[in-house]
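Trainee: Right, I'll just put the structure down here and ask away after.
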Amino acid sequence: MWKNFSTAIGLLAIAMVAALYSSTATRDGRILPSAISALIALGISVWVAWKLVPRLAAGVDWQWLPYFTRYQVTREGWLYFGAVTIVVFASVNTANNLLYMILSALLAVLVLSGLLSELNFGLLKLSVRVPSHCFAREPFPVSIEVHNRKRVFPTFSLHIEAADERAFRCSGFYVPLVERQKCTSDTGQGMLTKRGRCAIRKLKVSSRYPFGFFVKELSCAVEADCICYPEIIPQEQMSPSMLDVQGSNQRYERGFGYDLYMIRDYVPSDSARHVHWKASAKTSVLKTREYAAEESSRVVLAFDRFGHPDEAEKFEQLVSYTASLAYHFVENGVEVALVADDWQSSQGNTPAVLDSILEYLALVQLSPSAERPAPLAAGGAMILTLRKT
Numbered sequence: 141m142w143k144n145f146s147t148a149i150g151l152l153a154i155a156m157v158a159a160l161y162s163s164t165a166t167r168d169g170r171i172l173p174s175a176i177s178a179l180i181a182l183g184i185s186v187w188v189a190w191k192l193v194p195r196l197a198a199g200v201d202w203q204w205l206p207y208f209t210r211y212q213v214t215r216e217g218w219l220y221f222g223a224v225t226i227v228v229f230a231s232v233n234t235a236n237n238l239l240y241m242i243l244s245a246l247l248a249v250l251v252l253s254g255l256l257s258e259l260n261f262g263l264l265k266l267s268v269r270v271p272s273h274c275f276a277r278e279p280f281p282v283s284i285e286v287h288n289r290k291r292v293f294p295t296f297s298l299h300i301e302a303a304d305e306r307a308f309r310c311s312g313f314y315v316p317l318v319e320r321q322k323c324t325s326d327t328g329q330g331m332l333t334k335r336g337r338c339a340i341r342k343l344k345v346s347s348r349y350p351f352g353f354f355v356k357e358l359s360c361a362v363e364a365d366c367i368c369y370p371e372i373i374p375q376e377q378m379s380p381s382m383l384d385v386q387g388s389n390q391r392y393e394r395g396f397g398y399d400l401y402m403i404r405d406y407v408p409s410d411s412a413r414h415v416h417w418k419a420s421a422k423t424s425v426l427k428t429r430e431y432a433a434e435e436s437s438r439v440v441l442a443f444d445r446f447g448h449p450d451e452a453e454k455f456e457q458l459v460s461y462t463a464s465l466a467y468h469f470v471e472n473g474v475e476v477a478l479v480a481d482d483w484q485s486s487q488g489n490t491p492a493v494l495d496s497i498l499e500y501l502a503l504v505q506l507s508p509s510a511e512r513p514a515p516l517a518a519g520g521a522m523i524l525t526l527r528k529t
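Using our numbering, read the sequence shown as starting at 141 and increasing by one per residue.
The structure is reproduced here in structure tokens:
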């Protein structure tokens, strides 16, 4: 970097000397030396611009370059520029010292606006907190924290929003004041539009401070991660036949169901509510009822991640439908298991089982070489696939 810079400065100094000599030779009437010096100066300048300037530009931290790329002029700002333009023409045409003083004050306000705006953004640190998991296209709480690390000056009037709304959207946050060496937090709502692992790395911060002539924008680095589960289709929009495996079956073994399994002798640990008084009277021995165990309904979702790249949209619909089935089955008390060629969940209707299924479906990718999922022996199976046969 410094070597290229020193070389460019040295060559441009030589070009300047050649240009000055060419100008002097022209005044003295020496045409040939003047032309040669001018060509040398031009050649050196072109070579520096072609070879060295791109290298120097590649090493520049553009974040620190001024400021026009980070400013937007507001309506009030354009009105102010219009007033400045009028004063400029009036000053030039009349040569009035008072108008020149007014013009100087107006320009000083613009400079002061830029300096205060830059100071307002100095030494700010943002952090954002989101849930560890969420559902696509469903709002979730988002909390932001702004830390002003300046020792003297507070920070005013910050608007904070998502830097890229194609994947992550959030409600706009407004922070009116952050005192020096203090933190301010705010809570709103956010939403992710696509399933998968989402990494939030930037937030856009803007402010009209101090005079409202410009809106200055900056991208602030943050660190937040979230696993976005597939979008859940409402139960009323799904086929009733797909969810019609509710109810219960009876297993012929001891348990706590409603069908009578057997009548046996009473033991002290039995509940008095289950005493069979009629049988007890006949045998003169206390008898108790024992009931058959109740078996919850079970279903296996055989998910096939087979698909070609041009079927990506259909695959996303299949993933969303599979996640919706698992979600509604668990909500209705049905024991669910998901089977794929590369993964298999345990069977149950607990939140842990549902979370494991949804996390797999959040991260799964289609594959043209995926094999068919191996069926399970227990429970009814639903085949969810894009295969034609």
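Virtual Cβ for every residue (Gly too), placed ideally from N, Cα, C.
None of these values were measured; they are calculated from a predicted model.
Going by C-alpha distance, which of Asn472, Ala466, Ala521 is nearest Tyr500?
Mentor: For Tyr500, the closest of Asn472, Ala466, Ala521 by C-alpha to C-alpha distance is Ala466.
Trainee: Can you tell me where the alpha helix (DSSP H) with Arg167 in it begins and where it stops?
Mentor: 142-167
Trainee: Evaluate Met156 with the Cβ neighbour count: other Cβ atoms within 10 Å of its Cβ, from every protein chain shown; 16 or more gives buried, anything less gives exposed.
Mentor: exposed
Trainee: Go ahead and label Ser381 buried or exposed: buried means 16 or more other beta carbons lie within 10 angstroms of its beta carbon, across all protein chains shown.
Mentor: Its pLDDT being 47, under 50, Ser381 is placed unreliably by the model, and nothing is read from it.
Trainee: Please say whether Leu524 and Ala442 have beta carbons closer to each other than 8 Å?
Mentor: yes
Trainee: With DSSP as the reference, please indicate the residues paired to Ser325 in a beta bridge.
Mentor: Paired residue(s): Glu285.
Trainee: Closest to His287 by CA distance: which of Thr295, Phe354, Lys528 is it?
Mentor: Thr295
Trainee: For Asp326, which residues in the same chain have their Cβ closer than 7 Å to its Cβ, ignoring the five residues on either side in sequence?
Mentor: Ile284, Phe313, Val315
Trainee: Looking at C-beta atoms only, is the number of pairs between the region 255-268 and the region 334-347 that lie closer than 8 Å three or more?
Mentor: By the C-beta criterion, the region 255-268 is judged to be in contact with the region 334-347, since at least 3 inter-stretch pairs fall below 8 Å.
Trainee: For the pair the region 330-345 and the region 356-375, tell me if three or more CB-CB distances fall below 8 Å.
Mentor: Segments in contact, yes.
Trainee: What would DSSP say about Ser437, mapped onto helix, strand or coil?
Mentor: coil
Trainee: With respect to the beta strand (DSSP E) encompassing Glu475, which residues constitute its N-terminal and C-terminal limits?
Mentor: 475-479
Trainee: Tell me the residue span of the alpha helix (DSSP H) that contains Arg215.
Mentor: Annotation for Arg215: the continuous alpha helix (DSSP H) segment containing it runs 215-234.
Trainee: In three-state terms, what does DSSP make of Arg210?
Mentor: helix
Trainee: Indicate whether the contact test is met: 3 or more Cβ pairs, each with one atom in the region 502-517 and one in the region 438-454, closer than 8 Å.
Mentor: yes
Trainee: Does DSSP put Lys265 in a helix, in a strand, or in coil?
Mentor: In this structure, Lys265 counts as strand in the three-state DSSP scheme.
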